[in-house]
Amino acid sequence: MSVRVRIAPSPTGYVHVGNVRAALFNWLFARHHGGVFILRIDDTDVERSEKVYEDDIKEGFRWLGLDWDEGVDAGGPHGSYRQSDRFVHYREVAHDLVVRGLAYYDDRNPEELEALRNRATAEKLHPNTYIRRPAEVASSGAIRFSVPQDQAVTFHDLVRDDMTFEPETVDDFVILRSDGAPTYHLASTVDDVDYGITHVARGEDLLSSTPKHILLTRALGGTPPTYAHLPLLFGPDGKKLSKRHGDTSLKAYREGGYLPEAMLNFLSTLGWSIGSDRTIFSVEEAIAAFDLADVSKGSAVFDLDKLAWINGEYIRALPVDRFREAVAPVIAAARGSDLDGEQWSIVEPVLPLVQERTRFLTEVPGQLDFLLDEEVTYDEDSWARVMEKEGVVDILDHARANLGALDRFDPEAIERALRAMLEALEIGAKKGLQPVRVAVTGSAISPPLFESVAALGKERSLARLDAARSKL
RNA sequence: GGCCCCGUCGUCCAGCGGUCCAGGACGCCGGCCUUUCAAGCCGGAAACGCCGGUUCGAACCCGGUCGGGGCUGCCA
Numbered sequence: 001m002s003v004r005v006r007i008a009p010s011p012t013g014y015v016h017v018g019n020v021r022a023a024l025f026n027w028l029f030a031r032h033h034g035g036v037f038i039l040r041i042d043d044t045d046v047e048r049s050e051k052v053y054e055d056d057i058k059e060g061f062r063w064l065g066l067d068w069d070e071g072v073d074a075g076g077p078h079g080s081y082r083q084s085d086r087f088v089h090y091r092e093v094a095h096d097l098v099v100r101g102l103a104y105y106d107d108r109n110p111e112e113l114e115a116l117r118n119r120a121t122a123e124k125l126h127p128n129t130y131i132r133r134p135a136e137v138a139s140s141g142a143i144r145f146s147v148p149q150d151q152a153v154t155f156h157d158l159v160r161d162d163m164t165f166e167p168e169t170v171d172d173f174v175i176l177r178s179d180g181a182p183t184y185h186l187a188s189t190v191d192d193v194d195y196g197i198t199h200v201a202r203g204e205d206l207l208s209s210t211p212k213h214i215l216l217t218r219a220l221g222g223t224p225p226t227y228a229h230l231p232l233l234f235g236p237d238g239k240k241l242s243k244r245h246g247d248t249s250l251k252a253y254r255e256g257g258y259l260p261e262a263m264l265n266f267l268s269t270l271g272w273s274i275g276s277d278r279t280i281f282s283v284e285e286a287i288a289a290f291d292l293a294d295v296s297k298g299s300a301v302f303d304l305d306k307l308a309w310i311n312g313e314y315i316r317a318l319p320v321d322r323f324r325e326a327v328a329p330v331i332a333a334a335r336g337s338d339l340d341g342e343q344w345s346i347v348e349p350v351l352p353l354v355q356e357r358t359r360f361l362t363e364v365p366g367q368l369d370f371l372l373d374e375e376v377t378y379d380e381d382s383w384a385r386v387m388e389k390e391g392v393v394d395i396l397d398h399a400r401a402n403l404g405a406l407d408r409f410d411p412e413a414i415e416r417a418l419r420a421m422l423e424a425l426e427i428g429a430k431k432g433l434q435p436v437r438v439a440v441t442g443s444a445i446s447p448p449l450f451e452s453v454a455a456l457g458k459e460r461s462l463a464r465l466d467a468a469r470s471k472l
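Numbering (my numbering), first residue to last: 1 to 472.
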């Protein structure tokens with residue numbers, strides 16, 4: 001039997017990195033086995049589902065390269081589909097279950113139910129004791145599934161091993177809401193059965209719902225898939241990853257200067273490992289090595305520092321032209337317009353130098369501004385630290401004179417000229433070059449100085465020196 | 001409260017009864033390199049939660065305990 005998996009995110013918010021990680025593991029598993037990967041839009045919660053979020057899920061997956069299969073085969077649709085398109089079907093299934101005596105209508109309100117549940121619990125009876133009732137009693141309201149009480153539900157989870165749930169620990173659960181919409185349990189299970197899903201890899205938060213799904217599957221005449229409950233992702237404080245921890249939406253990373261390959265690599269290391277001595281690896285390698293059975297049980301902290309490092313590794317590994325491609329939209333966004341040909345040619349020589357020292361694409365525009373803006377904006381802190389010192393005037397004057405005398409204005413010539421200045425003034429490079437850097441780039445932190453000056457050009461460099469000099 | 005899951009450096013992983021006085025990576029600290037910042041290189045601190053048991057031998061198996069987490073919804 002070939003592998004068919006699905007990821008079923010709810011379009012009730014921007015797609016969360018935890019869901020993306022689950023999607024990734026499903027995708028890796030499918031690709032490893034040459035199986036089918038289905039994107040199921042779980043919009044059963046009609047109230048909270050929105051189209052923008054559905055679009056966000058798809059954009060995010062495309063960005064990462066998590067391609068879902070398109071088309072249809074004997075097993076059902078391959079590609080993405082919405083569960084809201086199948087509401088009629090779910091309703092029929094639920095009604096059929098009632099007819100067969102496996103589910104019943106329930107028109108009571110939550111307070112009533114709670115009271116009944118408490119009463120049963122107080123009498124040390126099964127919580128469903130006073131809740132369950134024959135189909136004749138009500139013919140409207142929600143539909144609740146009658147959990148069979150004859151035997152324990154057992155299953156082998158690929159990551160948790162053998163699991164057993166006693167029947168009395170699983171309550172009769174609603175499968176169809178009183179407004180006719182299916183609950184997650186129903187829709188998800190029906191689709192898994194209808195479309196021949198072979199493996200369900202999802203967050204551990206659904207582990208205790210699994211017996212419900214298995215029981216429902218059997219009632220539907222299906223064979224339960226193999227489950228794999230993935231460890232949850234936590235924030236740095238050890239609590240479930242949420243908004244409090246900063247950005248949890250994939251969108252934030254997509255827009256925050258991260259490379260999709262880096263994100264994919266990082267997510268792959270959360271709960272899984274390709275080997276004891278490797279952290280950086282390609283998707284192809286991950287596909288070749290991946291197995292759900294190797295996923296670890298413990299929850300993982302989403303460590304932004306590590307992600308940043310991985311991102312930097314990927315950025316540095318990019319061929320320069322790919323780096324340029326990746327950074328172009330980021331620069332355009334930061335500056336409000338695309339760079340023109342002339343601007344690119346100014347920036348070109350320092351691009352590899354900038355690339356070496358960036359961890360996030362979003363840092364790049366700031367490193368290039370001094371080349372693109374007419375006027376430099378001095379970083380206050382830098383100015384205070386390096387310019388407001390004894391001897392800076394001399395340094396700028398000498399630098400200006402030496403640079404002004406140059407015919408060829410390339411990095412090598414510039415270096416010779418500035419080193420000559422250092423010798424004349426009998427000062428070290430550290431002390432003598434920083435003022436020049438701040439004057440030319442506006443900051444104490446910049447790409448390497450000689451290349452930066454060369455890229456700026458003689459005329460503009462001299463003007464920058466003058467401008468700084470006049471401020472002293 | 002009930003049911004369930006988990007527990008190796010701060011963090012992510014490796015380890016699947018002896019080769020582990022526990023290995024790699026991020027981060028951290030120190031050094032080198034150096035025109036800043038990075039990168040790179042070298043070195044360092046840093047963990048098997050605890051208690052029993054099984055065994056010749058336990059990070060690995062079992063029990064308990066403590067700690068963390070999930071579920072307990074007409075959310076998923």
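Cβ coordinates follow ideal geometry from the N, Cα and C atoms, glycine included. Owing to the predicted nature of the structure, the values given are computational and were not obtained by experimental measurement.
- Exclusion of the five residues before and after Thr269 leaves Thr279 as the residues of its chain whose Cβ lies within less than 7 Å of its Cβ.
- Taking C-alpha positions only, His213 is separated from Arg144 by approximately 13 Å.
- The beta carbon of Asn402 lies closer than 8 Å to those of Ala417, Leu418, Ala420 and Met421 in the same chain, with the five residues before and after it left out.
- No Cβ-Cβ contact shorter than 7 Å links Tyr104 with Lys251.
- At least 7 Å separates the beta-carbon of Ile274 from that of Ala293.
- CA-CA distance, Leu113 to Ala333, rounds to 55 Å.
- DSSP places Leu220 in the coil class of the three-state scheme, outside both helix and strand.
- At a Cβ-Cβ threshold of 7 Å, Asp172 and Asn128 count as neighbours.
- CA-CA distance, Ala413 to Leu472, rounds to 27 Å.
- By the criterion of at least three beta-carbon pairs nearer than 8 Å, the stretch 166-182 is in contact with the stretch 210-226.
- Judged by pairs of C-beta atoms under 8 Å, the stretch 299-311 does not touch the stretch 342-354, as fewer than three such pairs exist.
- Between Val364 and Phe370, the C-beta spacing is not below 7 Å.
- Taking each of Val438, Val200, Asp466 and Arg133 in turn and checking the Cα distance to Ile38, the smallest one comes out for Val200.
- Per DSSP, Thr226 is one residue of the beta strand (DSSP E) stretching across Thr226 to Leu230.
- As the crow flies, the alpha-carbon of Asp237 is around 53 Å from that of Glu459.
- Within the stretch 98-130, complete alpha helix (DSSP H) segments of at least 4 residues are found at 110-122, given in chain order.
- In the structure shown, the three-state DSSP call for Leu39 is strand.
- A straight-line Cα-Cα distance of about 52 Å links Tyr258 and Arg132.
- By alpha-carbon distance to Thr44, the top candidate from Ala30, Arg316, Arg82 and Val20 is Arg82.
- Taken in chain order, the unbroken stretches of alpha helix (DSSP H) that lie wholly in the stretch 308-346 and span 4 residues or more are 320-335.
- The beta carbon of Arg437 lies closer than 6 Å to those of Ser446 and Leu449 in the same chain, with the five residues before and after it left out.
- Put simply, the backbone Cα of Val88 is about 48 Å away from that of Tyr314.
- In the three-state DSSP reduction, Arg359 falls in the coil class, being neither helix nor strand.
- For Met163, DSSP records a beta bridge to Phe155.
- Secondary structure at Ile197: coil, using DSSP grouped into helix, strand and coil.
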